[in-house]
Amino acid sequence: MKNPFTFVPKILLGTILLAANAPAAINTWNNSSADGNWDTAANWSDGVPSSSDQAIIDNGDLVTKTGDLTLGNLRDSNEDGLRLTNGTLNVSGNYTSYTSWGGSGAIINDLGLSSGATTGTLNIGGTFNLGNTDSSSGNVATFNIYSGSSLSANAFQGKQGAGGNAGSGGWAFNISGGSLNIIDTFDFSTLTTPDSSNPAGQLILGTTGTASGGTVTVGTMSDDWARDGQYVLFNDNLASLTFGKTNYSDLANVQTLIDNNYIRKDASVTDGFNIADNGSTWTVSIIPEPSTFILMLGGLLAMAVPLRRRK
């Protein structure tokens, strides 16, 4: 005779697995108490957001979070992270957004709307931690900064895998017309040695086809920049990257980053790189070729002819 209770452990196990993979709550800011405090439960549609929730601020408010803030760590959900599409969030401590394993577990954070209709501002008093905590995962924690929106932090720490190993996952910034300012150190990775899986660490500037631009300003770039999978990508002619000379003191150091594709451009960008020496910093941008200048001048002249005829 079969034991009638043998099914119980399976049911319990199924319940545990369902709970572990339950979708995150979509939690929207409403500031019902009018105090602007992130940690006031009444200010949210579902109480103070947990670390696995998707927090939405879209009403233009100024929101203050005292201490550290974590939004992420889900295995199989894109309903997590921060959607600061209209408003300002000031975090006095560290901000952490990590993904791990799972088919669709990549965390997506947004500042502003892709249309530029509304903007978001995120100010972090401590370190901004972004990346992947699982050594077998290819998921990438992504932060989008759209036109007119900005992110400022004291420091940045990229996370790629657990311990000393990494999968192909990691982190990525998509800066489409917005700005990223890291006051102190931008640290690409927690890995102390290169990894054969080439984990992702990507700063993507501008937008192909629409030339939205995007600016990045960093006090100090870490000395582990030159690893496969870690790069700055220029998608249009309007983007710029400025960083301090610590670890990259000579013009030749910056040129080597370009020559070895750690600073690269999309195939649609035909003009070359320009490196400007600002004294204590370098600025890398795209400089139009002479033919591009001629086209621009021709366009200006074409606009000027009708104006002269009107006089």
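Quick note: the sequence shown uses our numbering, first residue 53, plus one each step. For each residue, glycine too, the CB sits at the ideal point set by N, CA and C.
Handout entry: Three-state class that DSSP yields for N89 in the structure shown
Key = strand
Problem - Straight-line gap, I235 to I338 (C-alpha atoms, nearest Å) - result: 24 Å
Practice task
Drop a sphere of 10 angstroms on the beta-carbon of S332, count the other beta-carbons inside from all chains shown, and report buried for 16 or more, exposed for fewer.
Solution key: exposed
Handout entry: Close Cβ partners of Q209 (< 6 Å) along its chain, the five nearest in sequence each way excluded
Key = T179, N181 and D239
Exercise for the section: Determine, using beta carbons only, whether L285 and L255 come nearer to each other than 9 Å. Expected result: A contact, by the Cβ cut-off of 9 Å.
Handout entry: Bounding residues of the beta strand (DSSP E) (the contiguous stretch that carries L141)
Key = G139 to V143
Handout entry: Secondary structure of A94, DSSP reduced to three states
Key = Here DSSP, grouped into helix, strand and coil, assigns A94 to helix.
Exercise for the section: Could you tell me the distance, in whole angstroms, from the CA atom of L174 to the CA atom of L136? Expected result: 8 Å
Exercise for the section: Measure the C-alpha to C-alpha separation of D280 and A94 and round it to an integer number of angstroms. Expected result: 46 Å
Handout entry: Beta-carbon gap between T122 and S149 smaller than 9 Å
Key = yes
Problem - For S231 and G119, the rounded distance between their alpha carbons - result: 24 Å
Exercise for the section: Would you please state the rounded distance, in angstroms, between the beta carbons of N83 and D113? I believe it to be under 8 Å. Expected result: 5 Å
Practice task
Can you give me the start and stop residues for the alpha helix (DSSP H) that N305 sits inside?
Solution key: Taken as a continuous stretch (DSSP letters only), the alpha helix (DSSP H) holding N305 covers L303 to D311.
Problem - Counted within 10 angstroms of its Cβ, other Cβ atoms place D311 as buried (16 or more) or exposed - result: exposed
Practice task
Find out if the Cβ-Cβ distance for the pair G139, G177 is shorter than 9 Å.
Solution key: no
Exercise for the section: Compute the Euclidean distance between the alpha carbons of G222 and S241, then round it to the nearest angstrom. Expected result: 9 Å
Problem - N79 beta carbon less than 9 Å from that of P98 - result: The sequence shown places Asp at residue 98, not Pro. Contact flag set, yes.
Handout entry: Residues that G279 bridges to, as DSSP identifies them
Key = Just to set this straight, residue 279 is Arg in the shown sequence, not Gly. R279 pairs with nothing; no bridge assigned.
Handout entry: The beta strand (DSSP E) enclosing S274, as first and last residue numbers
Key = First-last for S274: undefined, no H or E at that position.
Exercise for the section: Check the DSSP bridge columns for I315 and list the partner residues they point to. Expected result: V284
Problem - Same chain, Cβ closer than 6 Å to V143, neighbours up to 5 away in sequence not counted - result: K117, L121 and I176
Practice task
Could you tell me the distance, in whole angstroms, from the CA atom of G261 to the CA atom of G229?
Solution key: 13 Å
Exercise for the section: Give the DSSP bridge partners of T294, in chain order. Expected result: T269 and T335
Exercise for the section: From the DSSP output, read off the bridge partner residues of L165. Expected result: In DSSP, L165 forms no bridge with anything.
Exercise for the section: Please work out which residues of its chain come closer than 6 Å, Cβ to Cβ, to T267, disregarding the five sequence neighbours upstream and downstream, and give them in chain order. Expected result: S231 and S292
Exercise for the section: Find the nearest neighbour of G253 within the set Q212, P101 and V100, judged by alpha-carbon distance. Expected result: Q212
Problem - Helix, strand or coil at T244 [DSSP, three-state] - result: In this structure, DSSP gives T244 a state outside helix and strand, which the three-state scheme calls coil.
Handout entry: Distance, T335 Cα to A328 Cα
Key = Cα-Cα distance, rounded: 5 Å.
Problem - In DSSP terms, what T80 is bridged to - result: I108
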